Amino acid sequence: MAEKGNFDFIYDPIRQKMQELVTPITYATYIEKLIPVDIDGRYIVLQTPTETFAKYITGTLAEKMREAIIKADVGVADFRLKVEGSDGFAYNAPSEEFVAPPANLNKKFTFDNFVVGKNNEFVYSAALAVAEDPAGTYNPLFIYGGSGLGKTHLIQAIANKIVAEKPDLKVIYVTCEQFVNEIIDTLFVRRGADARDKGSKLRAYYRNADVLIIDDIQFIEKAKSVQEEFFHTFNELVSKGKQIIITSDHPPKELTELEERLRTRFAGGLLFDILPPDFETKIAILKRKAFDKKCIVPDDVLSFLAQDSGDDVRTLEGRLNKVILASRLHEVPITVAFARSALNEAVSEGGKEEVTPESVIAAVTGYYRINKGDLLGKSKKKEVVIPRQICCYLLCDILFLPLKTIGEVLGGRDHTTILYSRNKVEELCRVNEKIAKDVDDIKNVILKK
Ligand code: ADP
Ligand code: MG
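First residue of the sequence shown? That's 1 in this note's numbering, and the numbers climb one at a time after it.
Right, dumping it as structure tokens:
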């Protein structure tokens, strides 16, 4: 609810900051003539004498104004404009947006199925504390560690728990890559009034979060222009006492391409590392994953899988999945000998027909009725791109081929493209039933179920 009264005590410090940011003429012509008439939540409402006046502020001075507001640090974060004598808002009208839970969370990532070992016990407790009391003790929370060690699992577990238990809080989970692309596309590529509107909506979207989770922040290193934008979002949320959670593959001090001020901010948060699991924890993780797949795997096979599996849990899980899948196809029990041979050969059905990259490609092209040349080619048409991405996904998930090999099989593509496509399809399967069904059907064709 808006409070009425004299708001000069809030506007004066902002005015002073503006004086440093604009020319004396602009200051005298525009800024001095704005009258603070209201505080509405995190907005200061400023009155302008005319519509044209409001348009000039919106079009030319809005960014500076916002910067001055943040620098003045007076408890508001943005402004709205009202033209004298009119009821509506000329800029930043209040929206009636409701809090919808984020659609991009994987419900399977929970605290319950995250196996705790010596390698992750501290980060686990911190994550749980944040989920129970967002913006309480651990803020901002910064989690770092190598790929496949459970960072995304943990932070999505935080998000899932908050969404379930505190539905009023606005939780935003975003991969840094998505954040960077959105910001670049909206704030730097588009032009014109429509773009400005979209830009302020996007800003407001992130700056209105109660819990902002950014996965794989190292991605922002490459996008210098986005770092500044993120810096302001970060400061605003922290100053409003909102929770921020960040993951990275390296600790802040090793993110050398990051602007110094961002690195300092990150380093000033609570840092937790997540290490590779030891042998016992690997076994516990394998047991848990087998249990989730309703499959009993003997202890000696679990030990076999955990040996020489490298450090990361993703690979470990891949080995287990491959063995389980092979045993289901061959309908034979899992033994160490069987696991060893399953890991050395492509999965085949009944020992008769091998599943090969060619058979996966044929199943995809047959299913979508497109030709192989198009699938392997460069066409960006949706009818081809989605099948191509699904093909990447299936080659990863059925054959467990290295990304580089898949890239070669699929017309000489880069391994990062393959990884991107694989993850994209995994994501699509969660949010798009049609694609999930397509993928399932094609899998059944390949595996001749
Ligand atoms: P990162 O984000 O660090 O690259 P992920 O969170 O994507 O890693 O984890 C990769 C896979 O390993 C996921 O399927 C995740 O469920 C699993 N995983 C990692 N650590 C654990 C753990 N401690 N307990 C259970 N599963 C784990
Ligand atoms: Mg991750």
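Think of the CB as a built atom: it goes at the ideal place given N, C-alpha and C, for glycine as much as any other residue. None of these values were measured; they are calculated from a predicted model.
Query, Result
"DSSP three-state assignment for I461, whether helix, strand or coil", "Outside the shown range of the chain, which is 1 to 449, sits residue 461, and nothing can be said about it."
"Where the beta strand (DSSP E) through Q243 begins and ends", "Q243 to S248"
"Whole-angstrom C-beta distance between G146 and D312, which should lie under 8 Å", "6 Å"
"beta-carbon N181 near the ligand ADP non-hydrogen atom, thresh 7 Å", "no"
"Validate contact between the region 166–175 and the region 206–220 using beta carbons, cut 8 Å, 3 pairs", "yes"
"Start and end residues, beta strand (DSSP E) containing V171", "V171 to T175"
"Collapsed DSSP secondary structure at F272 in the structure displayed", "strand"
"Where K82 sits in the DSSP three-state scheme", "strand"
"Limits of the alpha helix (DSSP H) - the one that I155 falls within", "K151 to E165"
"Cβ-heavy atom distance, T152 to the ligand MG, below 7 Å", "yes"
"Status (buried if at least 16 other CB within 10 Å, exposed otherwise) for D438", "buried"
"Residues sharing a beta bridge with I44, DSSP", "I39 and F79"
"D197: CB within 7 Å of a non-hydrogen atom of the ligand MG", "no"
"Close Cβ partners of G366 (< 8 Å) along its chain, the five nearest in sequence each way excluded", "V445"
"Reduced DSSP secondary structure (H/G/I, E/B, other) of V425", "helix"
"8 Å Cβ cutoff met for E84 and T29", "no"
"Cα-Cα separation, L34 to L169", "34 Å"
"The region 263–275 in contact with the region 140–159 per 3-pair CB rule at 8 Å", "yes"
"At least three beta-carbon pairs within less than 8 Å, the region 293–301 to the region 334–342", "yes"
"Cut-off 8 Å between Cβ atoms - residues of its own chain near I184, not counting five sequence neighbours on either side", "A223, S225 and V226"
"Cβ shell of R265 (< 7 Å), same chain only, five flanking positions each side left out", "F234"
"Proximity winner among R388, D133, V116 and K17, relative to I283 (alpha-carbon distances)", "V116"
"Y91 versus G241 - alpha carbon distance", "26 Å"
"Sequence-distant residues of its chain with Cβ nearer than 6 Å to D112 (five each side left out)", "none"
"Opening and closing residue of the alpha helix (DSSP H) in which L262 lies", "E260 to A267"
"Helix, strand or coil at L141 [DSSP, three-state]", "strand"
"For A103 and I70, the rounded distance between their alpha carbons", "30 Å"
"A409 versus V425, C391 and K381, residue with shortest Cα-Cα distance", "Here the sequence assigns Val to residue 409, which means Ala is not the residue at that position. Comparing Cα positions, the closest option is C391."
"Supposed close pair S359, Y393 - CB separation, criterion 8 Å", "S359 to Y393, Cβ: 15 Å. No contact."
"L447 to L187 span [Cα, whole Å]", "46 Å"
"For I143 and L128, believed in contact at Cβ under 8 Å, the rounded distance", "Incorrect: roughly 13 Å between the Cβ atoms, too far for contact."
"Bounding residues of the alpha helix (DSSP H) (the contiguous stretch that carries I10)", "D8 to L21"
"Integer-rounded CB distance, given that A135 should sit under 8 Å from E236", "So it is not a contact: roughly 14 Å between Cβ atoms."
"Own chain partners of R388 with C-beta closer than 6 Å, once the 5 adjacent residues on each side are dropped", "L375"
"Beta-bridge partners of Y91, as assigned by DSSP", "L81"
"8 Å contact criterion, which K293 and I324 should meet: CB distance rounded", "6 Å"
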